[in-house]
Amino acid sequence: MGIELNPNQREAVTWLDSPLLVVAGAGSGKTRVLTAKIAWLITETDIEPWQILAVTFTNKAAGEMVGRVRDLAGEAGEAVTAGTFHSFCARLLRRHGDTLGYSPGYSIYDESDSRTLLKRLISELGLPERSFSVGMVRARIGQAKNEMAGAGAQRWTTGNWIDEGVGRVYAAYEQALRDRNAMDFDDLLLNAVRLFEEEPAIARRYAERYRYVLVDEYQDTNRPQYLLIKSLAAVHRGVCVVGDPDQSIYSWRGADIRNIRDFERDYPDARVVVLDQNYRSTTTILGVASGLIKQNSGQHRRRLWSELGTGEPVRELVFINDEEEARGVTRIIAAKVRQERRNLYEIVILYRTNGQSRQFEHALREAGLGYTIVGGVRFYERAEIKDTLAWLRLLVNPRDTVSLARALAAPRRGIGEVSLGRILRHLAEWAGDPLDGLAAAAAVIGRGGPGLTAFVDILKRFTARLEDTAPAELARGLLEESGYLDMLAAEGTIEAEARRENLGELLSALDEYGERAGAEASLADFLAEVSLLTDIDEWEEAEPAVTLMTLHAAKGLEFPIVFMTGLEEELCPILREDTDAEALEEERRLCYVGMTRAREELYLARARRRRRWGSVLDRLPSRFLGELPSELVQTIDQLRLDPVARAGSRQRGERRTDAAMAEIPDYENENQDAPTELVPGQEVEHSILGRGRILEVSGTGEQLRLIVAFHDAGTRRLMARYARLKVL
DNA sequence: CAGTAGAACATTTTT
DNA sequence: TGTTCTACTG
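When you line the first sequence up against the working numbering, it's residues 10 to 737, in that order.
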């Protein structure tokens, strides 16, 4: 086979006698193993490509996998079924959803759709919105769904009125989704499971078809996903799951580490192959990352190793505030490009929350460096795109009232809040064809009647053309006739112009889809595809631009140069009232995932102060920084004239030509409020109490008070004047 | 009914 | 700080 493998990888690729668990550490070549295995199955066994199912975390990963399989095994590789759990289920339900009462044109509701619906239901049920915020209710329902608890579950009848209320909303929500022929993301998985449970013949058909099932990122599967795999593998027991417990970062979405830990219990004859050679990072980066993950309470910890040499030290960058953090990182990037001839696409900036991207955008734009953001406001979540998709969804699924409300609202046609309410109530009682019901509703509203009649007219005309017209053409016509384009043209603002451009992009996407799918092109399929797209799916890695994304989004990727930012307590790890030991370990794993994305250089940046919602907060360094092997980390503090060479790295401290140091200007003299060295986060030494870290500073001058967490002597309150601390 | 100004609120991570 | 919601006017 045209691919080089080490002995363990080879064993993973060629093992076929029993279910297989591949415990693949970061950078150990698991994608390589997965693709090689699929190619091997196709070329060396009697398993046909169409009998193979490969489940990955993103559609992009699936597409790349198929591409590589094709390179290895030829055209036949294209016939492999590959996709995310959600896209697989969506296809399954388009085919068999009728047995569960859904028609093939069912709508897939994204988060904002389901929020809209929940909001309406909460107020219809007369529940106080103070106690029943949409976010809380949605989170509780989502959690219940991930754990496969229905609206009739015990958990809602605890006697606690909040639980009870959420249960009522949940029941109403389920009913409302059914009425609208719609599913949310969780429903895709749940309904697939239900389908297999209620229709054993269908389950059997799929289990018979798929002789081999491969699952990537198995540590991040939840209960319904687990059941799906179990069901699909029930006949042939050809299963290979790949994962790494240390990279499990989705427990908040119901992912259950036990799925990977219990694999051997589920399949007693399972073969376990451990991949522990890392082909990605320098030993320094690996050493730092291992030092961190060691702090988690895993039982048997495999140590990753690499032959890629020591490389550069990992650098901790300390800035005075978040703005400087962004500017400092940008300066270093500029220097890398200018002096070291690095390409922008080799660099990624990682952060814990999407909100942190703004500062970096600013700084990068100011410096004239290109960047692409993965996440944040996504293309398909923009208002104009959602408006247009709402029209299209209405054609495919006229019962979808969430889309109806959206399409009715823009452009304005004399129908406001009151009329919309009347229309929806009218429709709820209408048993016949939804479009006729809508037409009839014109009589129950006042002045908006003619507007509604015109609306229904357009809808009917386009619905009639649904079968014989290309999706792109339908969209073009709708935008024209609904007056949406005129509305934007009338605005005449730069924003409106940008929206028109976005709509142009949407039309190109539809055109492209039409070409790709040919005669098979159906609007319903396009809409499903679009709903399940992730940010990563849209990301072009070869662009000459720095990539910005969250730590979660970075999973599975690698970059020569990685900047992790905002390494401060409360942000990374994010800490909330309900953060327990387990949640903290997940935060640590998240940090580990970030570090192990780096091939050559890793920077760990933090700010001493950070703006949040307008107010400035003092920030302590992340506890994770204190857990790293100090001999591998070099600290560069913006406040110091000289970089602090940590103990044991004197030689490195001498290297003044270092791009990082050279590019961080000296603020010592120009800083107006030159902070004393007694600032939160500062490491200090007391003659009796020993070493510690400053937590809080209050007062000034003689009255300067400190709260210091001593490593051995606990947390103490001290007057700076008497304590005579030595700054380290 | 639609548009606007000021208030209220929000940030964890995502298929 | 930036976005979304509410109350008010035309």
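Even glycine gets a Cβ: it sits at the ideal position worked out from N, Cα and C.
If you follow the alpha helix (DSSP H) that residue i is part of, which residue opens it and which one closes it?
i	result
serine 37	Unbroken run through serine 37: none, as it is neither H nor E.
aspartate 546	544 to 547
tyrosine 493	493 to 500
aspartate 5	A question about residue 5 goes unanswered here, because the residues of the chain that appear run from 10 up to 737.
valine 78	68 to 82
glutamine 18	16 to 23
Let me make sure I understand the geometry here. Which of the options has the alpha-carbon closest to that of residue i?
i	options	result
asparagine 231	Ile467, Tyr219 and Ala153	Ala153
arginine 280	Gln256, Val251, Asn200 and Asp55	Val251
serine 517	Met496, Ile503 and Ala479	Ala479
glycine 114	Asp627, Trp548 and Asp534	Asp534
serine 290	Val143, Gly320, Ala85 and Asp520	Gly320
lysine 395	Leu413, Thr381 and Leu378	Leu413
tyrosine 612	Thr588, Val625 and Leu641	Leu641
arginine 421	Leu444, Ala463 and Glu316	Ala463
lysine 345	Glu610, Leu301, Glu208 and Arg203	Glu610
isoleucine 258	Val717, His720 and Lys564	Lys564
valine 282	Ser624, Val693 and Asn17	Asn17
glycine 379	Gln163, Gly151 and Asn352	Asn352
alanine 33	Leu43, Leu25 and Ser27	Leu43
aspartate 271	Leu30, Gly318 and Met573	Leu30
alanine 201	Glu183, Pro638, Ser240 and Pro28	Ser240
valine 411	Arg367, Leu186, Glu375 and Phe633	Leu186
glycine 527	Ala481, Thr502 and Leu404	Ala481
leucine 237	Glu489, Ala718, Ile211 and Gln365	Ile211
alanine 45	Ser132, Phe66 and Val22	Val22
phenylalanine 471	Arg402, Phe719 and Glu524	Arg402
Does the distance from the C-beta atom of residue i to that of residue j stay below 9 Å?
i	j	result
serine 96	alanine 537	yes
valine 323	valine 297	yes
phenylalanine 619	asparagine 330	First, the amino acid is wrong: residue 619 is arginine here, not phenylalanine. Yes, these two residues count as a Cβ contact at 9 Å.
leucine 566	isoleucine 545	yes
serine 306	tyrosine 288	no
arginine 628	proline 689	yes
threonine 52	glutamate 207	no
alanine 180	glycine 168	no
alanine 614	valine 338	yes
glutamine 256	alanine 85	no
arginine 474	leucine 483	yes
leucine 687	leucine 734	yes
alanine 70	leucine 197	no
leucine 494	leucine 519	no
serine 631	glutamate 692	no
serine 37	leucine 444	no
leucine 580	arginine 361	yes
tyrosine 118	phenylalanine 194	yes
alanine 419	methionine 496	yes
isoleucine 583	glutamate 596	yes
tryptophan 165	arginine 177	yes
glutamate 409	serine 27	A quick correction: the sequence has aspartate, not glutamate, at residue 409. No, the pair does not count as a contact, with Cβ atoms beyond the cut-off.
Since I believe residue j is in contact with residue i (beta carbons under 8 Å), could you give me their beta-carbon distance rounded to a whole number of angstroms?
i	j	result
leucine 541	tryptophan 400	At roughly 20 Å, the Cβ-Cβ gap does not stay under 8 Å, so leucine 541 and tryptophan 400 are not in contact.
glutamate 325	alanine 616	Incorrect: roughly 12 Å between the Cβ atoms, too far for contact.
isoleucine 570	isoleucine 294	The Cβ separation is near 11 Å, so there is no contact.
valine 602	isoleucine 358	Not a contact, Cβ separation roughly 15 Å.
leucine 429	leucine 417	6 Å
proline 553	tyrosine 227	With 8 Å as the limit, proline 553 and tyrosine 227 do not qualify as a contact, their Cβ atoms being about 35 Å apart.
Ends of the beta strand (DSSP E) at residue i?
i	result
valine 327	323 to 330
isoleucine 570	568 to 573
leucine 734	No beta strand (DSSP E) holds leucine 734; DSSP gives it neither H nor E.
histidine 371	Taken as a continuous stretch (DSSP letters only), histidine 371 belongs to no beta strand (DSSP E), being part of the alpha helix (DSSP H) at 366 to 375.
cysteine 249	248 to 252
aspartate 195	First-last for aspartate 195: 194 to 207, but that is the alpha helix (DSSP H), not the beta strand (DSSP E).
histidine 105	From DSSP, histidine 105 is part of no beta strand (DSSP E) but of the alpha helix (DSSP H) over 94 to 105.
serine 260	Unbroken run through serine 260: none, as it is neither H nor E.
leucine 313	Where leucine 313 is concerned, there is no enclosing beta strand (DSSP E), given that its DSSP letter is neither H nor E.
isoleucine 356	356 to 360
glutamate 692	692 to 695
threonine 644	642 to 646
Cβ of residue i within 8 Å of any heavy atom in the ligand FAD?
i	result
glycine 492	Looking at this structure, you won't find the ligand FAD or any other ligand, since it has none at all.
contact_flag[the segment 215 to 225, the segment 257 to 266] where n(CB pairs < 8 Å) is 3 or more: no
Does the pairing of the segment 580 to 592 with the segment 372 to 391 give three or more beta-carbon distances under 8 Å? no
Are the segment 81 to 89 and the segment 46 to 64 touching by the rule of at least three beta carbon pairs closer than 8 Å? yes
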